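Colleague:
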Amino acid sequence: EIKNSGKEEMRGRAKDKRTYEDYDNLDLKKVVKINSRNAQEKDIEFANREIKLEYRDDHGRLLTRKEAYRNMCYQFHGHGSSKKNEERRQKLIEREQQESKLASRQGEGSVGTLGALKATQKATGKAFIVHKT
Numbered sequence: 005e006i007k008n009s010g011k012e013e014m015r016g017r018a019k020d021k022r023t024y025e026d027y028d029n030l031d032l033k034k035v036v037k038i039n040s041r042n043a044q045e046k047d048i049e050f051a052n053r054e055i056k057l058e059y060r061d062d063h064g065r066l067l068t069r070k071e072a073y074r075n076m077c078y079q080f081h082g083h084g085s086s087k088k089n090e091e092r093r094q095k096l097i098e099r100e101q102q103e104s105k106l107a108s109r110q111g112e113g114s115v116g117t118l119g120a121l122k123a124t125q126k127a128t129g130k131a132f133i134v135h136k137t
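Our numbering numbers the first residue of the sequence shown as 5 and each following residue consecutively.
1) Within 8 Å, do at least three Cβ pairs link the region 28-36 to the region 46-61?
2) Along the chain, where does the alpha helix (DSSP H) that runs through R74 open and close?
3) Got a sec? Which residues, its chain only, sit under 7 Å from G113 by beta carbon, not counting five neighbours each side?
4) Counting along the chain, where does the alpha helix (DSSP H) carrying L57 start and finish?
5) Give me, in chain order, the residues of the same chain whose beta-carbon lies closer than 7 Å to that of H63; leave out the 5 immediate sequence neighbours on both sides.
6) Rounding to the nearest angstrom, what Cα-Cα distance links K126 and L57 in this structure?
7) Excluding the five sequence neighbours on either side, which residues of its own chain have a C-beta within less than 8 Å of the C-beta of I48, listed in chain order?
8) For D31, name the three-state secondary structure that DSSP assigns.
9) Which one or two residues does DSSP pair with L66 in a beta bridge?
10) Between the alpha carbons of G84 and Y73, how many angstroms are there, rounded?
11) Please classify E137: is it buried, with 16 or more other beta-carbons within 10 angstroms of its beta-carbon, or exposed?
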């Protein structure tokens, strides 16, 4: 299962246009033509649905248009990116996962500097802390 938090984090190469506008909903009524004489009820029901195509990698991350195209080309031609790029991408994914784990722990309010700040604010009842150096 892939968890979708609603808004995806932007990612891609530095020179890419980092947009996910390509993943708009697709109205099948406008695309699919059905002959109503030969069509069954299920066909008509499926044609009236809206679908949304999203391209995701093996880790469930939403891909940009360029990344999705690159992956489809690799799959079609039967080869992948270089070993060096794969290692770099794997390190990046691991770092993102670690950062998300830390962020979720800090959201609890018990770990890290933010947790200490919140605890002090709660104890003093003030929105600020005087820092003495």
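Every residue gets a Cβ at the ideal spot worked out from N, C-alpha and C, and that includes glycine.
Since the model is a prediction, treat every value here as computed from it, not as a measurement.
Modeller: From the atom records:
1) yes
2) Residue numbering aside, residue 74 sits at position 70 when the sequence shown is read from its first letter. Taken as a continuous stretch (DSSP letters only), the alpha helix (DSSP H) holding R74 covers 69-81.
3) Numbered from its first residue, the sequence shown carries residue 113 at position 109. Low local confidence applies: a pLDDT of 49 at G113 is under 50, so the model's placement there is unreliable, and no value is given.
4) Along the sequence shown, read from residue 1 onward, the residue named residue 57 stands at position 53. Looking at the DSSP string, L57 is not in any alpha helix (DSSP H), and its letter there is neither H nor E.
5) Here residue 63 refers to the residue found at position 59 when the sequence shown is read from its first residue. Result list for H63: I97, in chain order.
6) Along the sequence shown, one-based indexing puts residue 126 at 122. Along the sequence shown, one-based indexing puts residue 57 at 53. Between K126 and L57, the C-alpha separation is close to 46 Å.
7) On the sequence shown, position 44 is the one that residue 48 refers to. Hits under 8 Å: I38, S40.
8) Here residue 31 refers to the residue found at position 27 of the sequence shown. In this structure, D31 counts as strand in the three-state DSSP scheme.
9) Locating residue 66 in the sequence shown gives position 62, counting from the first residue. Answer is R60, bridged to L66.
10) Counting from one through the sequence shown, the residue named residue 84 turns up at place 80. Counting from one through the sequence shown, the residue named residue 73 turns up at place 69. In a straight line, the C-alpha of G84 is about 12 Å away from that of Y73.
11) As a first step, residue 137 is located in the sequence shown; it is residue number 133 there, counting from the start. What sits at residue 137 in the sequence shown is Thr, not Glu. Burial call: exposed.
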